[in-house]
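What follows is one structure encoded as structure tokens, with my remarks underneath.
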Amino acid sequence: MRIAVPAETQGNETRVAATPDTVKRLIGLGAEVAVQRGAGLSSGITDADYEAAGAKLAGSASETVANADIVLAVRRPPASSLAGAAKGVAVISIMDPYGAEAALGELAAAGASSFAMELMPRITRAQVMDVLSSQANLAGYRAVIDGASEYGRALPMMMTAAGTVPAARIFIMGVGVAGLQAIATARRMGAVVTATDVRPATKEQVESLGAKFLAVEDEEFQQAQTAGGYAKEMSKEYQAKQAALTASHIAKQDIVITTALIPGRPAPKLITADMVKSMRPGSVIIDLAVERGGNCELAKPGEIAVTENGVKIVGHLNVPGRLAATSSSLYAKNLLAFVETLVDKEKKALAINWDDELVKATLLTRDGAIVHPNFQPKS
Numbered sequence: 001m002r003i004a005v006p007a008e009t010q011g012n013e014t015r016v017a018a019t020p021d022t023v024k025r026l027i028g029l030g031a032e033v034a035v036q037r038g039a040g041l042s043s044g045i046t047d048a049d050y051e052a053a054g055a056k057l058a059g060s061a062s063e064t065v066a067n068a069d070i071v072l073a074v075r076r077p078p079a080s081s082l083a084g085a086a087k088g089v090a091v092i093s094i095m096d097p098y099g100a101e102a103a104l105g106e107l108a109a110a111g112a113s114s115f116a117m118e119l120m121p122r123i124t125r126a127q128v129m130d131v132l133s134s135q136a137n138l139a140g141y142r143a144v145i146d147g148a149s150e151y152g153r154a155l156p157m158m159m160t161a162a163g164t165v166p167a168a169r170i171f172i173m174g175v176g177v178a179g180l181q182a183i184a185t186a187r188r189m190g191a192v193v194t195a196t197d198v199r200p201a202t203k204e205q206v207e208s209l210g211a212k213f214l215a216v217e218d219e220e221f222q223q224a225q226t227a228g229g230y231a232k233e234m235s236k237e238y239q240a241k242q243a244a245l246t247a248s249h250i251a252k253q254d255i256v257i258t259t260a261l262i263p264g265r266p267a268p269k270l271i272t273a274d275m276v277k278s279m280r281p282g283s284v285i286i287d288l289a290v291e292r293g294g295n296c297e298l299a300k301p302g303e304i305a306v307t308e309n310g311v312k313i314v315g316h317l318n319v320p321g322r323l324a325a326t327s328s329s330l331y332a333k334n335l336l337a338f339v340e341t342l343v344d345k346e347k348k349a350l351a352i353n354w355d356d357e358l359v360k361a362t363l364l365t366r367d368g369a370i371v372h373p374n375f376q377p378k379s
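Taken in order, the sequence shown gives residues 1 to 379; the numbers are from our numbering.
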């Protein structure tokens, strides 16, 4: 059994799919692990570190994946990079499958069995494999650090002989994993924190972290959560009421962090241009949903925009990758936990149970076809 870890091909991707620790454990499963030279450098992992862990170093992507039974990656690798891999190679990564039917078709045509880690079901057994949680947690933390850096003022209240410095006001929009970590981090740094979300279950979570909850708590609000724990798309009427409530609140905030995403849909617009105009000069907006179109109407992917009234709108791409060493460590453990379920530990060979609920939930392509029901090619 050969497991390949090629270098990432997307320019802004600093993470890597294996660490020396997970390489050792993969070898313990009976695998030979090949890592492309330089794959871990952006995460602070040298080729020597991998070699000391028992990995075999390969000079190119094609050499890395040659005869591989499993390919581990952070981002979906192009189908062309799998040439030379074993027939039916299991490709495991963050696949970003929504709207990518053509790319999935190419993976299918290449004969790959591809698995999307972000589709892992949120059940107890799969918690250790939940890449959305591990990476969003770090994104929420980093959002506060970036916000504090761009804000240019102190966050906690400080009483000094020269006068009192007021605490910064931070508003978190969207209270998933990223939002909760942002709340916790902002509170630890001494800010006055408020937060909002359309899911009623989040109110108690927000308040347990010492923040104040802000939402229109009507009948629709009470039903605004799917069985899987995700936010539902709200009606235009509710969105208008919520926007009116948040508009007056945003005008008083120093830092606003938006984290709202609905799987498979563009990011909902939560902050309009008029709301941005109402904010004070020097205020900061951190848009964590910018890769999906952004929660802020004026956010620009990959840019820090400054408006005419002096508001900074931060649209960093790949925020978890801004903490590459930590995010790679967690992501690699997510992958390892999933790979362990795909391997026969006695025979030390790949033995995928196609009836396993984890496999069914994450499998996108197999035997030359797109098999996941949510991503069939549009006729």
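Built from N, CA and C at the ideal position, the CB exists for glycine as well.
On a Cα-Cα basis, can you pick out the residue from the options that is closest to residue i?
| i | options | result |
| --- | --- | --- |
| Arg-169 | Asn-334, Arg-2, Gly-176, Ala-182 | Ala-182 |
| Leu-180 | Met-117, Ser-113, Asn-137 | Asn-137 |
| Met-120 | Met-129, Ser-114, Ala-112, Ser-113 | Met-129 |
| Thr-272 | Gly-282, Val-290, Ala-243 | Ala-243 |
| Gly-302 | Glu-13, Thr-9, Arg-2 | Glu-13 |
| Asp-197 | Phe-171, Leu-132, Ala-79 | Phe-171 |
| Ala-191 | Val-165, Ser-208, Leu-214, Gly-176 | Val-165 |
| Tyr-331 | Gln-10, Thr-22, Ala-7, Ile-286 | Thr-22 |
| Pro-78 | Asp-69, Ala-86, Ala-100, Val-206 | Ala-100 |
| Ser-43 | Ala-324, Gly-368, Asn-374, His-372 | Ala-324 |
| Thr-248 | Ile-257, Ser-235, Val-276, Ile-262 | Position check: residue 248 holds Ser in this sequence, whereas Thr was assumed. Nearest of Ile-257, Ser-235, Val-276, Ile-262 to Ser-248, Cα basis: Val-276. |
| Ile-313 | Lys-24, Lys-345, Glu-346, Asp-254 | Asp-254 |
| Gly-30 | Asn-353, Trp-354, Gly-368, Asp-344 | Asp-344 |
| Ala-83 | Gly-368, Ala-53, Ala-110, Leu-132 | Ala-110 |
| Ala-126 | Met-279, Ala-154, Lys-360, Arg-199 | Lys-360 |
| Asp-274 | Ala-17, Leu-298, Ala-139, Val-71 | Leu-298 |
| Val-71 | Val-91, Gly-59, Ser-60 | Val-91 |
| Glu-63 | Val-33, Asp-49, Tyr-50, Ala-52 | Val-33 |
| Arg-37 | Gly-28, Leu-26, Val-65 | Val-65 |
| Glu-382 | Lys-241, His-316, Ala-18, Gly-163 | There is no way to answer for residue 382, as the model of the chain reaches only from 1 to 379. |
| Ser-149 | Ser-283, Gly-28, Gln-205 | Ser-283 |
So, with DSSP's three-state summary, where would you put residue i?
| i | result |
| --- | --- |
| Val-89 | coil |
| Leu-26 | helix |
| Arg-142 | helix |
| Leu-381 | There is no way to answer for residue 381, as the model of the chain reaches only from 1 to 379. |
| Ile-183 | helix |
| Lys-360 | helix |
| Ala-349 | strand |
| Arg-153 | coil |
| Val-175 | coil |
| Gly-382 | The requested residue 382 is not part of the displayed model; the chain covers only 1 to 379. |
| Val-339 | helix |
| Asp-344 | strand |
| Trp-188 | Going by the sequence as given, residue 188 is Arg instead of Trp. Helix. |
Hey, could you find the ends of the alpha helix (DSSP H) residue i is sitting in?
| i | result |
| --- | --- |
| Lys-47 | The sequence shown places Asp at residue 47, not Lys. That run of the alpha helix (DSSP H) goes 47-53. |
| Gln-239 | 236-250 |
| Val-462 | Missing from the structure shown is residue 462; the chain here goes from 1 to 379 and no further. |
Is it true that the CB of residue j sits closer than 8 Å to the CB of residue i?
| i | j | result |
| --- | --- | --- |
| Thr-365 | Ser-93 | no |
| Met-117 | Asn-318 | no |
| Gly-147 | Ala-260 | no |
| Thr-341 | Leu-363 | no |
| Ala-267 | Gly-294 | yes |
| Val-74 | Val-35 | no |
| Ile-3 | Asp-47 | no |
| Leu-104 | Phe-338 | no |
| Ala-54 | Lys-24 | The sequence shown places Gly at residue 54, not Ala. The answer is yes: Cβ separation under 8 Å. |
| Ile-257 | Val-371 | no |
| Thr-194 | Gly-140 | no |
| Ser-381 | Val-89 | Past the boundaries of the shown model lies residue 381; the chain is included only from 1 to 379, so the question cannot be answered. |
Return the first residue and the last residue of the beta strand (DSSP E) that residue i is part of.
| i | result |
| --- | --- |
| Lys-203 | Careful: Lys-203 lies outside any beta strand (DSSP E), inside the alpha helix (DSSP H) at 202-208. |
| Gln-36 | 32-36 |
| Leu-214 | Premise fails: Leu-214 is in no beta strand (DSSP E) and is neither H nor E. |
| Ile-262 | Here Ile-262 belongs to no beta strand (DSSP E), and DSSP marks it neither H nor E. |
| Gly-2 | First, the amino acid is wrong: residue 2 is Arg here, not Gly. Per DSSP, Arg-2 belongs to the beta strand (DSSP E) from 2-5. |
| Gly-163 | 163-165 |
| Lys-41 | Here the sequence assigns Leu to residue 41, which means Lys is not the residue at that position. From DSSP, Leu-41 is part of no beta strand (DSSP E); its letter is neither H nor E. |
Verify the contact flag: residue i, CB atom, against every heavy atom of the ligand FMN, threshold strictly below 7 Å.
| i | result |
| --- | --- |
| Ala-7 | No copy of the ligand FMN appears in this structure; indeed no ligand is present at all. |
Q) Taking the runs of the beta strand (DSSP E) that are 3 residues or longer, which of them lie wholly in the segment 67-142? A) 70-75, 90-94, 113-116
Q: Please specify which runs of the alpha helix (DSSP H), each continuous and at least 4 residues long, are wholly inside the segment 267-334, giving them in chain order.
A: Scanning the segment 267-334 for uninterrupted alpha helix (DSSP H) segments of 4 residues or longer gives 273-278, listed from N- to C-terminal end.
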